[in-house]
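Working notes, structure below.
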């Protein structure tokens, strides 16, 4: 690698691997290049004309490539006191296409990221089964597999926006959403291996993390499309996503996709664990709380333009964003540029897949006047993404608290006459 | 991160980012974990029971995650004398699903990997156009984009196998093939921006690498589906794949997908560059050479079981692999376990997409006797992947040389009675 210092060159940081440095905050969402070399990084020069010198050699990266040192966008940790029991958000505005790069998939951990040796890890399936069995990773990989694209969304995504707009950009408001190509074994395949007893109606999934995260899942869902996933975007699932194996429940709230999966216990009733009684429930207007609100309803968000961006001036812009539904395929997406007074159909960039995000685009000729941009998703069940007002009329008006999950209201971005974009309630 | 040394723990190398160490050769294809810490790596302990200690904190990875330290498979450089003008192969047998992880996408460079500052890079479109224009990266990203899954295959993939089986595993025989979700601007969109003169029939694409790689592409193809790609698997295209922008020609031989694209010159005839006259041509039996053999024909390969693997014993195995065609969608894949005497339809794991790989699977009950495994792809044009004998009857029998490109013959893997799998011609 060239390390000469010529006046006609500029010096740049070569950040090896994941060493994408730089301070990042939810407040700005903008990440600056690192000012000092992170671990594994080195300085080198960028030629003015790259054709005038030999390029980097094949294999200099150890055989596993990394992104360009000019790409420094990172996921940002939500400012919680405990950095183990915390989450980080995906920079949605920086993504292109539909898949979330594995290195930028959002995180939500209850006891940090465990380090698991796959050769010593196993999944035990027991309880109301014919024969309890232990599946090592090699056993799982020898069974028939499926590969499907699905999103995972934390039920707390957008939670902070219930009462008033608090976060400045889309990474903050919607960054607990990511999409991957998942590969694994269907639970229905494992069920045939162990057999199910009469009356088997629920399954407890347990993780091997420090929180020993547990959730009860209806057998109907487990047999329909639950996947024991060991692959993500063509390779082994990432440590933050449950390496070596996680539960994948297409369309269900993120916390039920138990990571570092080690146990599935079949039962005739739910186990009423801490996470499904005191935690992941929805307090309603009459004071009662909804339990097992597992499906993520239809939702969408515009990622360009979005909070903290600034349009250079009047002209034609390609408004774009993501739409998704936990209940099936996205059927259509509408866009409004006047706060919902008028809606126009957006273009869907690909063929809708079940319980998967889809990118939409909408050409907008901005005249330079203040505008309110919104997107609205309709899924194949006919459900239409509600306004915040419509949602509160049903769910009640609770302040920002742990009980306000499943906020799938329409997001509004205000574009000021100076081109500045900000998060508003409209 | 825990650094205690308890007797009940095992020590493992935490390889940060892409620092997946270990010696790898095409001969074995098997990669051992690094024996000493690569740059940016550190030692730590793996707990016997991960639930008994706090996991790694969110953000400890700098906000961009990396794969598990237990995952050490890498792409392997083909042993060429020059490590800049060289290529590396994708470990197909280690992949799951359909997408190739960006870090494992095969490489073929003619002058190494240039380092390009996207803020100073531009694509110039000129020649027989209405108005020549310069597109900076921001200009390109403001135009309407498309996202599509496509494979790229080097026309030299499997080339070494023309006369006799020389490479031991599928990474060697078929590793110059990878698939990504690509995002970019269609050339047809740029054509509307610059306008085309009457008689415009070819386009020269030029790269900004040290080789100033150039190829002439028919205008018909450019207007049909040529993409100016800046996105790969959800993020910026990787440096080895042409950062910040490359040409993507769905189904065409890999060398035409000009990386680090800086110039498109419209003309009424091909430019007859070095790469399309002395290099990427196919010598025929009568001594003449075919020029511009751009489409990659239908092909397939079994990745499990494949060369250098060993089946533990008789039993049911899920035979799996990839099939693809540069002329459209894969229509069907057949599998034979007796060297082509009988063929059975394999299951396609997803919905076929145009000019994209698809994974197929086939349940095989191995009786412990010697067997010859083969796969055969049929694409939507009705073309059937040929045997090597059928191909040689048309193309002539040339020794392994630079003139024997486009070898898409059926691959045979021999399974011995001891379970050992090897590369054979059958």
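Protein chains in written order, with our numbering: chain A, 1 to 426; chain B, 427 to 852. Think of the CB as a built atom: it goes at the ideal place given N, C-alpha and C, for glycine as much as any other residue.
Reduced DSSP category for residue i - H, G, I as helix; E, B as strand; rest coil
i, result
"residue 238 (chain A)", "coil"
"residue 274 (chain A)", "helix"
"residue 119 (chain A)", "helix"
"residue 581 (chain B)", "coil"
"residue 458 (chain A)", "What the structure shows of chain A is the stretch from 1 to 426, and residue 458 (chain A) is not part of that stretch, so it cannot be assessed."
"residue 448 (chain A)", "Missing from the structure shown is residue 448 (chain A); chain A here goes from 1 to 426 and no further."
"residue 804 (chain B)", "strand"
"residue 414 (chain A)", "strand"
"residue 834 (chain B)", "coil"
"residue 619 (chain B)", "helix"
"residue 851 (chain B)", "coil"
"residue 38 (chain A)", "Summary for residue 38 (chain A): the model assigns pLDDT 41, below 50, so the residue's position carries little reliability; its value from the coordinates is reported in the next sentence. Residue 38 (chain A) falls in the coil class under three-state DSSP."
"residue 586 (chain B)", "helix"
"residue 430 (chain A)", "Any answer about residue 430 (chain A) is impossible in this case: the structure gives chain A only from 1 up to 426."
"residue 181 (chain A)", "strand"
"residue 528 (chain B)", "helix"
"residue 477 (chain B)", "helix"
"residue 353 (chain A)", "coil"
"residue 308 (chain A)", "coil"
Start and end residues, alpha helix (DSSP H) containing residue i
i, result
"residue 300 (chain A)", "Note, residue 300 (chain A): premise wrong, no alpha helix (DSSP H); beta strand (DSSP E) at 299–304."
"residue 319 (chain A)", "Unbroken run through residue 319 (chain A) is the beta strand (DSSP E), 315–324; no alpha helix (DSSP H)."
"residue 597 (chain B)", "596–600"
"residue 815 (chain B)", "814–821"
Whole-angstrom C-beta distance between residue j and residue i, which should lie under 8 Å
i, j, result
"residue 660 (chain B)", "residue 100 (chain A)", "5 Å"
"residue 799 (chain B)", "residue 841 (chain B)", "6 Å"
"residue 710 (chain B)", "residue 633 (chain B)", "Not really, about 29 Å apart at Cβ, beyond 8 Å."
"residue 744 (chain B)", "residue 142 (chain A)", "7 Å"
"residue 378 (chain A)", "residue 332 (chain A)", "5 Å"
"residue 383 (chain A)", "residue 297 (chain A)", "7 Å"
"residue 271 (chain A)", "residue 204 (chain A)", "5 Å"
First through last residue of the beta strand (DSSP E) which encompasses residue i
i, result
"residue 227 (chain A)", "227–232"
"residue 632 (chain B)", "628–633"
"residue 141 (chain A)", "Segment 137–142 is the alpha helix (DSSP H) holding residue 141 (chain A); no beta strand (DSSP E) there."
"residue 332 (chain A)", "330–336"
"residue 212 (chain A)", "Residue 212 (chain A) -> no beta strand (DSSP E), and no H or E assigned at all."
"residue 717 (chain B)", "Looking at the DSSP string, residue 717 (chain B) is not in any beta strand (DSSP E), and its letter there is neither H nor E."
"residue 522 (chain B)", "Note, residue 522 (chain B): premise wrong, no beta strand (DSSP E); not H, not E."
"residue 361 (chain A)", "358–366"
is_contact[residue i, chain B] using C-beta, thresh 8 Å
i, result
"residue 406 (chain A)", "no"
"residue 63 (chain A)", "yes"
"residue 116 (chain A)", "yes"
"residue 185 (chain A)", "no"
"residue 311 (chain A)", "no"
"residue 302 (chain A)", "no"
"residue 56 (chain A)", "yes"
"residue 319 (chain A)", "no"
"residue 104 (chain A)", "yes"
"residue 147 (chain A)", "yes"
"residue 394 (chain A)", "no"
"residue 70 (chain A)", "yes"
"residue 324 (chain A)", "no"
"residue 446 (chain A)", "Residue 446 (chain A) is absent from the structure shown; chain A starts at 1 and stops at 426."
"residue 111 (chain A)", "yes"
"residue 380 (chain A)", "no"
Short CB-CB distance (under 8 Å) between residue i and chain A
i, result
"residue 780 (chain B)", "no"
"residue 801 (chain B)", "no"
"residue 527 (chain B)", "yes"
"residue 619 (chain B)", "no"
"residue 775 (chain B)", "yes"
"residue 502 (chain B)", "yes"
"residue 785 (chain B)", "yes"
"residue 477 (chain B)", "yes"
Contact test: residue i Cβ vs the ligand MN heavy atom, cutoff 7 Å
i, result
"residue 264 (chain A)", "Looking at this structure, you won't find the ligand MN or any other ligand, since it has none at all."
Query - Against chain A: residues of the stretch 629–644 of chain B by CB proximity under 9 Å - result: 633, 634, 635, 636, 637, 638
Requested in this report: Taking a Cβ distance cut-off of 9 Å, strictly less, list which residues of the stretch 224–245 of chain A are near chain B, in chain order.
Outcome: 230, 231, 232, 233, 234, 235, 236, 237, 238, 239, 240, 241, 243, 244
Query raised in the report: Going along the chain, which residues of the stretch 81–99 of chain A sit with their C-beta nearer than 8 Å to a C-beta in chain B?
Result: 83, 84, 86, 87, 88, 94, 95, 96, 97, 98, 99
Query raised in the report: What residues in the stretch 584–615 of chain B have a beta carbon less than 7 Å from any beta carbon of chain A?
Result: 607, 609
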